[in-house]
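To convert, note that position 103 of the sequence shown is 113 in the numbering used here; the numbers rise steadily by one, no gaps. Backbone N, C-alpha and C define an ideal beta-carbon position, used for all residues, glycine too. Quick caveat: nothing in here was measured; it's all calculated off a predicted structure.
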Amino acid sequence: MQRTLAIVKPDGVASGLIGEVVKRIEQEGLRIVAMRMEHLTRSKAEGFYYVHRSRPFFNSLVEFMTSGPCVLMVLDGPEAIPRWRALMGATDPQKAAPGTIRRDMATGIERNVVHGSDAPDTASYEVNYFFTGTQISS
Ligand code: ATP
Ligand code: MG
């Protein structure tokens, strides 16, 4: 059993894609155990993407992630981390496999609609970054 963090990024929310993303998560058989909308502050977005702080795209990424509300979700299921990453597709939508969220809906390498944790340690950190235990259904 794994737990992972999923985000519908501001481009996805603005484009009316929340329902489509949620539908794909549920059809995959992953369980949504927490969900809320949040417009990230600059410091919250900077903290979330702290590992990327030295990358050339960091400031632009933080601008983008604070440009409108996100939908934050916690997903549970067997192999939830790789299964959610597989639904998302590669970071660059042009390299993402057909049928993935990013290939079908993303408009660029930055504006790529969704986020997913990439490993058990980052998943645990990211879930706890946004949710407390009592906000997650068992
Ligand atoms: P995420 O962490 O959002 O799930 P990811 O793990 O596929 O995506 P990362 O390498 O962790 O990709 O990059 C985090 C985010 O930074 C990407 O989703 C994208 O929005 C942005 N990003 C990554 N690489 C670039 C780039 N070369 N140019 C612009 N933005 C980028
Ligand atoms: Mg990442």
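Identity of the residue in the options nearest residue i by Cα
i, options, result
"ARG52", "GLY22, GLY143, SER70", "SER70"
"ALA24", "ASP114, SER134, ASP102, SER77", "SER77"
"SER134", "VAL31, PHE58, GLN104", "PHE58"
"LEU15", "ASN138, SER148, SER147", "ASN138"
"SER147", "PRO108, ILE42, HIS49", "ILE42"
Cβ-Cβ distance between residue i and residue j below 8 Å
i, j, result
"ASP131", "ARG95", "no"
"ARG34", "ILE111", "yes"
"GLU89", "VAL72", "no"
"PHE74", "GLU120", "yes"
"LEU82", "ILE28", "no"
"THR101", "ASN122", "yes"
Cβ shell of residue i (< 7 Å), same chain only, five flanking positions each side left out
i, result
"ARG93", "GLU38, LEU40, GLY87"
"PHE141", "ALA44, VAL84"
"MET98", "THR110, ILE111, ARG112, VAL124, GLY126"
"THR117", "ASP21"
Distance between beta carbons of residue j and residue i, contact taken as under 8 Å
i, j, result
"PRO79", "MET47", "5 Å"
Chain-order list of residues whose beta-carbon lies under 6 Å from that of residue i (same chain, five-residue window excluded)
i, result
"PHE68", "HIS62"
"ALA106", "GLY99, ALA100, ARG112, ARG113"
Close beta carbons around residue i, own chain, < 8 Å, minus the five adjacent residues each side
i, result
"GLY26", "none"
> Taking the runs of the alpha helix (DSSP H) that are 4 residues or longer, which of them lie wholly in the segment 35 to 116?
Replying inline: As far as the segment 35 to 116 is concerned, its whole alpha helix (DSSP H) runs of at least 4 residues are 52 to 58, 68 to 75, 90 to 98, 111 to 115.
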